[in-house]
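If you're matching them up, the sequences are chains A and B in order.
Position 173 of the first sequence, counting from 1, maps to 194 under the numbering used here, and the rest follow consecutively.
Position 98 of the second sequence, counting from 1, maps to 119 under the numbering used here, and the rest follow consecutively.
First comes the structure, then the notes that go with it.
Protein chains: 2
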Amino acid sequence: MGKVLIVEDDKEIGKLLSESFSSQGYKCHIVGSLSEAYTYLLSSSDLSLIILDLILPDGDGLGLLKYLRSALKFKNLPVIIISARGGELDRVLGLELGADDYIIKPFSVREVIIRANRILKKDLESEEILNYGPLKIDKKKKVIFLKEKPLTLTPTEYKILEFLLKNSERVVGREELIRIIWPVEKEYYSRVLDAYICRLRTKLGEYGKIIETVRGFGYRLIQI
Amino acid sequence: MGKVLIVEDDKEIGKLLSESFSSQGYKCHIVGSLSEAYTYLLSSSDLSLIILDLILPDGDGLGLLKYLRSALKFKNLPVIIISARGGELDRVLGLELGADDYIIKPFSVREVIIRANRILKKDLESEEILNYGPLKIDKKKKVIFLKEKPLTLTPTEYKILEFLLKNSERVVGREELIRIIWPVEKEYYSRVLDAYICRLRTKLGEYGKIIETVRGFGYRLIQI
DNA sequence: AGTAACTTTAAAAAAGTGTTAAAAGAATGT
DNA sequence: ACATTCTTTTAACACTTTTTTAAAGTTACT
């Protein structure tokens, strides 16, 4: 099970949250300031949720939220805001910036857990099995089927096709895709991705054209 | 698209909510009391969301929630509570009884819509598609339609038309446009932009004049 | 009419993508 | 630890599409 990052400067609240999440089987990490949060995020992997207090000693948590939503690596990482600023404007602002939930202080830990479970559970169940045209992916088993026949894919091929599948119909930017598959520094103009797309198309045989090139932008899974 | 049942005795709030949901493409029905709600539910079909105020003239909305969660027919029907009782206990109680969200009064309608969209997973669509006159842009697919027929645009053509579309009716400065499309140093007096406008007009055919030249300033998308 | 601002055109230059084969690198089993 | 096998990356080239330039043609305004 994934990790929860708690960004909260009040030690007591932090501890309370951390204990509850731990008792639910999540691993936790607490940081008390924005700078620590950024530092942790850069080295992190396997994060599945962030609990974010808005008022922190070195600034406003909304900045962090904005950053997360703009960073390819964290775009889909759920964020729950907890804040003493409970006015309607604050709430809307938080939600519009992409927070998954907004909890007002004082809150009971129970509420946070309920809301977190809800968000994470939805994430899980919506991703187990996915169909798109002749393709079917079983995420748990890490197998992709073409017309009920399992494809033989290498790890990277799998990741690329999985990502395209999760984002079918929408254009997935070249750069975006590269960042997902090679999170650290693979320069954008390398031809690796093209090579993979080429191989995927070959493996998809007659269905190869399900991967459409959108010149200048990236690729897209289309209905054929 | 499904129907939204609004259970709210304050006529004004009810109307506000109903208008917003309608503008989002949902059908609505308002009831002002628990008994009306029960009556409506029994005869209903095609419901996809309930907005439930807790304080109603003939009792507490939580009872209705309890009923819904125990009734087979409604077990999975999303319920969003809106309530002036915003304390932590109330919130937890509502969530534990199976509400999908709990919004505290006063709230902005925008918040309700965001949270409803999220629950109904219709999140983005409203922003992903944009219409202007005969033009329709699908940002997700990076396609612009002219009278329902997709235009074949190059990346730069697409970007220019997208920007004009997002800023339709207002004059977009030459310089501004150049800065958007070529963020780094393309000198202002180059004729590239003109060349693109020309090609866009050609591709728009008889609708070419939808791009109006505002001599000395820039361009503008107008209704024709 | 004169001038500055825009349009149009076509050809040159640049950029993006596909494909291939071979080299480099990882992972696996003995 | 070694050899084997599978995977990833690189590099080169062909090809296509897009972008830019530059020059000539229009238009609109004073």
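Virtual Cβ for every residue (Gly too), placed ideally from N, Cα, C.
- Can you give the Cα-Cα distance for Q45(A) and K94(B), rounded to whole angstroms? By 1-based counting over the first sequence, the position of residue 45(A) is 24. By 1-based counting over the second sequence, the position of residue 94(B) is 73. Rounded to the nearest angstrom, the two C-alpha atoms are 31 Å apart.
- Message: For A137(B) and V213(B), I'd like the C-alpha separation in whole angstroms.
- Response: In the second sequence, counting from the first residue as 1, residue 137(B) sits at position 116. In the second sequence, counting from the first residue as 1, residue 213(B) sits at position 192. The straight-line gap from Cα to Cα measures roughly 45 Å.
- Residues of the region 93–123 of chain B whose Cβ lies closer than 9 Å to any Cβ of chain A, in chain order: G107, G108, E109, L110, R112, V113, L116, E117, D121, D122, Y123
- Query: In terms of residues, what are the limits of the alpha helix (DSSP H) holding D111(A)?
  - Reply: As a working mapping, residue 111(A) is identified with position 90 in the first sequence. Per DSSP, D111(A) belongs to the alpha helix (DSSP H) from 109–117.
- Message: Taking a contact to mean a Cβ-Cβ separation below 7 Å, would you say L221(B) touches E183(B) in this structure?
- Response: Working through the second sequence from its first residue, we reach residue 221(B) at position 200. Working through the second sequence from its first residue, we reach residue 183(B) at position 162. In this structure, E183(B) does not lie closer than 7 Å to L221(B) by Cβ.
- What alpha helix (DSSP H) runs, 4 residues minimum, are completely inside the region 129–206 of chain A? 130–146, 176–187, 195–202
- Query: Is the Cβ of E132(A) closer than 7 Å to any Cβ of chain B?
  - Reply: If you number the first sequence from 1, residue 132(A) lands on position 111. It does: the Cβ of E132(A) has a partner Cβ on chain B nearer than 7 Å.
- Is any beta-carbon of chain B found at less than 7 Å from that of V213(A)? Working through the first sequence from its first residue, we reach residue 213(A) at position 192. No, no contact with chain B.
- Query: According to DSSP, which residues form a beta bridge with R241(B)?
  - Reply: Working through the second sequence from its first residue, we reach residue 241(B) at position 220. Paired residue(s): E233(B).
- Item | Where I181(B) meets chain A, residues with beta-carbon distance less than 7 Å | The residue given as residue 181(B) occupies position 160 in the second sequence. In chain order: nothing, as chain A lies at least about 13 Å away.
- Query: Is the CB of I135(B) under 7 Å away from at least one CB in chain A?
  - Reply: Here residue 135(B) refers to the residue found at position 114 when the second sequence is read from its first residue. So yes, I135(B) belongs to the interface.
- Query: Going by the beta-carbon positions, is the gap between V25(A) and L85(A) smaller than 7 Å?
  - Reply: Working through the first sequence from its first residue, we reach residue 25(A) at position 4. Working through the first sequence from its first residue, we reach residue 85(A) at position 64. Contact: no.
- For R236(A), which residues in chain B fall below 9 Å Cβ to Cβ? Numbered from its first residue, the first sequence carries residue 236(A) at position 215. Under the 9 Å cutoff, chain B gives T175, P176.
- Residue ranges of each beta strand (DSSP E) run of no fewer than 3 residues wholly in the region 54–82 of chain A, ordered along the chain? 68–74
- Item | Proximal residues of chain B, C-beta to C-beta of V192(A) below 8 Å | Translated into positions along the first sequence, residue 192(A) becomes position 171. Ordered by position in chain B, the residues that pass the 8 Å Cβ test against V192(A) are K161, K162, K163.
- Message: Whole angstroms are fine: how far does the CA of D215(B) sit from the CA of L145(B)?
- Response: Here the question's residue 145(B) lines up with position 124 in the second sequence. Here the question's residue 215(B) lines up with position 194 in the second sequence. At L145(B), the pLDDT of 48 sits below 50, so the modelled position is not reliable and the matter cannot be decided from this model.
- Message: I need the straight-line Cα distance from R200(A) to Y209(A), nearest angstrom please.
- Response: Stepping through the first sequence from its first residue, residue 200(A) is reached at position 179. Stepping through the first sequence from its first residue, residue 209(A) is reached at position 188. Answer to the nearest angstrom: the Cα atoms are 9 Å apart.
- Query: Taking 7 Å as the CB-CB limit, is F128(B) close to chain A?
  - Reply: The residue labelled residue 128(B) in the question sits at position 107 within the second sequence. Yes, F128(B) lies at the interface with chain A (some Cβ there is under 7 Å from its Cβ).
- Task: In the DSSP assignment, find the unbroken alpha helix (DSSP H) run with K36(B) in it and report its ends.
- Result: Taking the first residue of the second sequence as position 1, residue 36(B) is located at position 15. K36(B) -> alpha helix (DSSP H) spans 32–44.
- Inter-stretch contact (C-beta, 8 Å, three-pair minimum) for the region 166–177 of chain A and the region 190–198 of chain A: no
- Taking V130(B) as the reference, which of L114(B), S39(B), L225(B) has the closest Cα? Translated into the one-based positions of the second sequence, residue 130(B) becomes position 109. Cα-wise, what sits closest to V130(B) is S39(B).
- Determine the contact status of I218(B) and K230(B), defining contact as a CB-CB distance below 7 Å. Locating residue 218(B) in the second sequence gives position 197, counting from the first residue. Locating residue 230(B) in the second sequence gives position 209, counting from the first residue. The answer is no: Cβ separation not under 7 Å.
- Following the continuous alpha helix (DSSP H) through D121(A), name the residue where it begins and the one where it ends. Walking along the first sequence from the start, residue 121(A) turns up at place 100. First-last for D121(A): undefined, no H or E at that position.
- N-terminal and C-terminal residue of the beta strand (DSSP E) that L93(B) is part of: For the purposes of this step, residue 93(B) is taken as the residue at position 72 of the second sequence. It is not in any beta strand (DSSP E) - L93(B) carries neither H nor E in the DSSP assignment.
- Using CA coordinates, which residue listed in I103(B), L73(B), I135(B), K32(B) is at the minimum distance from K126(B)? On the second sequence, position 105 is the one that residue 126(B) refers to. Of the listed residues, the one whose Cα sits closest to K126(B) is I103(B).
- Message: For a cutoff of 7 Å on Cβ pairs, would you count L145(B) as touching chain A?
- Response: Numbered from 1 along the second sequence, position 124 holds the residue referred to as residue 145(B). Bear in mind that a pLDDT of 48 at L145(B), under 50, signals an unreliable position, so the model cannot answer this.
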